[in-house]
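Residue numbers (the UniProt record's numbering): 1 to 985. Notes for the one structure printed next.
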């Protein structure tokens, strides 16, 4: 049943749970997107929401998900809502390829059709209608703002509750409509309800209770502002467009509709939306106006719009037109007189999508005869096909003008005076590559936002821009021929984007922009000078100078800049950073110095950073002159020092550091001491993954390689495991930990064997006591010459399948889904030690994974544990494999034999908190410690068995007979999403 609360229930669950997952996405109105052939965009939205570190990622082949994406999601806990699905094939189209999400992920699907859900799952929750008592309570709550009305209205309330038939939407709408109404008005509404109790009639009763102005706003939202699936409108934008008289009538009308639950205003951005039943009613009301589309007030159906534009059959009754080009079935040739009779047109929108095959084509012989503009307030025509506006186009009431990727050369001919455009607030012309002249906006005193990005024919900005005192956003990115001189905008400007322009010198007069928050100058390849007056930007938060290849001097910051948090100097030719600058950058949190090859005094500069208390990210990768990294601020959490070819030493690591990448620092010899970690605070714990990489650092000395890093790793793993336990009651996921460094020995606190991909362990009694935190894994990998020089890979995937069993092997408890890691990893030129810890191997997650079997596993019934590993290599460019490898164009799955050659050794550490945890305070000096571990080594190819006596009399029995029957954990044998994901109907 429609309106019963499926979306509301799914939304409530989503809002309650999404913070406990590593990724989340709520896809609304799937049915609407499917009918408009826009599932591809919806799928890419899902991908973007879940893969936020790759914001521009999209798939050209929706049915195929690259392994580097799907494998990453196999270890990522996500929650997804697919709302209002019309057919089961839409579910496949949206999440096919993601079937191997982490078993702790949740996918919720809502649909009006139970058969749709039966086709995808057997776990269905039917949302029941409200019973009579619940219906009466809900209605009275909205009608009287309380549950118990006065006696005069008791019987009337009961009759309304009866006829609403338990539908929450109907009860809510009726309650809000009848609030504060007289008894006679109640009786009139009941009379109509008794004649036709259908939900659509209930909706129409609510609509009839509106004033004419409110009805008009309702239809504008239903047919225009809420109709577009991708162009979401914020309340303030809709109000500014609707309010043609400068009063508060639109604001009041929207508030009334919201109070009556006829629209919804939600989210941080206050986006206006509408229940699909209400929207459908609004569309039907407009269709009932006239049989001929040209005589209706609003157009949205492609066939109707095509007919009107081709035949010029539009009339003065048309108020709004909205069209998605991807909905067209053919090109539409626009008649030169198509708009000549639409004198009342106020809102016009033509939106293009990346899969749009067809366009609106102009009649080049005549062009547009006229475009009605007297009442036009919103004008959006993506890929506008004309070089200028038609004569007589004077949109004095225009609030928003969007002509992205247009063919515009100029707005008006020389013989036509430019309109004042006093009401214009938003001007978006990005991608209009032929535009050579910006319209005269000197009288557009209310303009707030101008986007001219990629208008490559622009050479100069008008001088009157400095007089646009309400302008807050100016984007000139990619205007490669634009020369920037003098004052660019009024003093209220907050965001200025000049990336990729021809600017040579930042004008000193720019210092008057005291409210500026963002200054983006990246890839300004001609920029040579940034003045010291930049310190006048007291509100500046972000400064991007990356890619400015001729910039040699960083300006001296002479005054405190209390708000500046982000500075990027990546790839500049800067030679030195003035010490005084750091003294005045107290709020700096991120500094990017990567690829600054000319910095000569980087070491002394880095020493100055020690006093910046808020610095959390530092990038010095590919700084060729850097020889040593000094002690850094204790607040630092991320340090990127990759490809520093002359780096030899790293001083004591900051205590907050959770990410260090020193890969390919070929001369790195030592790390003076490891950090002293502490239990992570909850705010950090919810979002961090820890990684310490020393790939291909072959010159690490023996103390660093055999003591500093292994000991540091043990302390980090224990710290993460303890943090996971501390906060496990407040969140559902924990940290992950990765260590990688050159070496061929597994640390002695791991139980290990020399070769093979299987570890069989005899468990001691009470091995899973109160101090047990989980497992950590360790491998020695040889990736140097195993796969041929023609194979280029940048990621590896390691899978772990483990199980518990009794002595006889006739009782076995396997884990439900393999634990998997997908790691970025370039080719390693020697043996490397790789250590991993993951929340999926924590005690809590083991308990959830094994479910009811966990009590048996902890008991004396279980005496053995078995861990099996396999490996695959992945290449984003899809390099094909050779010979012994299998490849699908993206991934290279290694057979069992090759896995054994690459995974030379492997080990498991049973992590416990007691005893070892007491040694966290000192990681600099060696101490005698009691550890729970078992170590055993085997000769490759031999079948041996031995017992090793470990602390606390733990006994471990090992057997290296190779088991070629590696457990099959292929996709077809793993549970599909239909087997375990809960669905809601």
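Heads up, the beta-carbon is just placed ideally off N, CA and C, and yes, glycines get one too.
Candidates the options, of which the one nearest residue i by Cα
i	options	result
residue 208	173, 371, 231 and 530	173
residue 283	320, 271, 267 and 307	320
residue 111	124, 756 and 206	124
residue 34	80, 664, 21 and 88	88
residue 823	628, 834 and 632	834
residue 705	403, 717, 408 and 744	744
residue 647	655, 86, 664 and 631	664
residue 385	374, 396, 377 and 411	411
residue 136	175, 104 and 151	175
residue 667	675, 649 and 659	649
residue 4	164, 742, 869 and 906	164
residue 717	798, 912, 469 and 629	912
residue 721	910, 906, 592 and 697	910
residue 587	762, 565, 578 and 593	565
residue 374	442, 250, 482 and 244	244
residue 398	346, 407, 286 and 594	346
residue 689	222, 821 and 906	821
C-alpha gap between residue i and residue j, whole angstroms
i	j	result
residue 55	residue 44	With a pLDDT of 49 at residue 55, under the threshold of 50, the modelled position of this residue cannot be trusted; read the value that follows with caution. Distance between the alpha carbons of residue 55 and residue 44 is about 10 Å.
residue 26	residue 79	8 Å
residue 651	residue 633	12 Å
residue 950	residue 84	With a pLDDT of only 30 at residue 950, under 50, the local geometry of the prediction cannot be trusted, and no value is derived from it.
residue 242	residue 130	38 Å
residue 486	residue 557	21 Å
residue 941	residue 82	Note that residue 941 scores 27 on pLDDT, short of 50, meaning its location in the model is unreliable; the coordinates nonetheless yield the value given after this. Each residue's alpha carbon lies about 52 Å from the other.
residue 511	residue 563	15 Å
residue 296	residue 220	13 Å
residue 424	residue 414	22 Å
residue 540	residue 609	20 Å
residue 180	residue 167	22 Å
residue 308	residue 357	20 Å
residue 77	residue 795	20 Å
residue 6	residue 143	23 Å
residue 29	residue 693	44 Å
residue 405	residue 236	26 Å
residue 725	residue 855	19 Å
residue 640	residue 42	35 Å
Integer Cβ distance of residue i from residue j, believed to fall under 8 Å
i	j	result
residue 448	residue 472	5 Å
residue 333	residue 310	6 Å
residue 91	residue 120	5 Å
residue 532	residue 555	5 Å
residue 494	residue 520	Between residue 520 and residue 494 the Cβ distance is about 12 Å, and since that is not below 8 Å, they are no contact.
residue 903	residue 777	Residue 903 to residue 777, Cβ: 11 Å. No contact.
residue 832	residue 695	7 Å
residue 451	residue 422	Their Cβ separation, rounded to whole angstroms, is 20 Å, which puts residue 451 and residue 422 out of contact at 8 Å.
residue 620	residue 635	No, residue 620 and residue 635 are not in contact; Cβ-Cβ is about 17 Å, not under 8 Å.
residue 329	residue 350	That pair is no contact at about 16 Å.
residue 709	residue 673	With a Cβ gap of about 11 Å, residue 709 and residue 673 do not count as contacting.
residue 38	residue 326	6 Å
residue 797	residue 872	5 Å
residue 656	residue 592	That pair is no contact at about 19 Å.
Residues near residue i in its chain [Cβ-Cβ closer than 6 Å; skip 5 each side]
i	result
residue 343	316 and 372
residue 86	31 and 34
residue 312	335, 337 and 338
residue 804	813, 857, 862 and 865
Proximity test, Cβ basis, 9 Å: residue i and chain B
i	result
residue 530	Considering every chain present, this structure includes no chain B. It has just one protein chain.
Other residues of its chain near residue i: CB distance less than 7 Å, five sequence neighbours each side excluded
i	result
residue 253	213, 214 and 217
residue 925	With a pLDDT of 43 at residue 925, under the threshold of 50, the modelled position of that residue is not reliable, and no figure is offered here.
residue 304	293
Close Cβ partners of residue i (< 8 Å) along its chain, the five nearest in sequence each way excluded
i	result
residue 627	603, 646, 647, 648 and 649
residue 574	551, 552, 553, 554, 596, 598 and 599
residue 589	565, 566, 614, 615, 616 and 617
* To do: Taking 8 Å as the threshold, find out whether the segment 385 to 393 comes into contact with the segment 210 to 230 through three or more Cβ pairs.
  => no
* the segment 483 to 503 contacting the segment 522 to 538, beta-carbon criterion three pairs below 8 Å -> yes
* **Three CB pairs or more closer than 8 Å across the segment 159 to 169 and the segment 188 to 195** => yes
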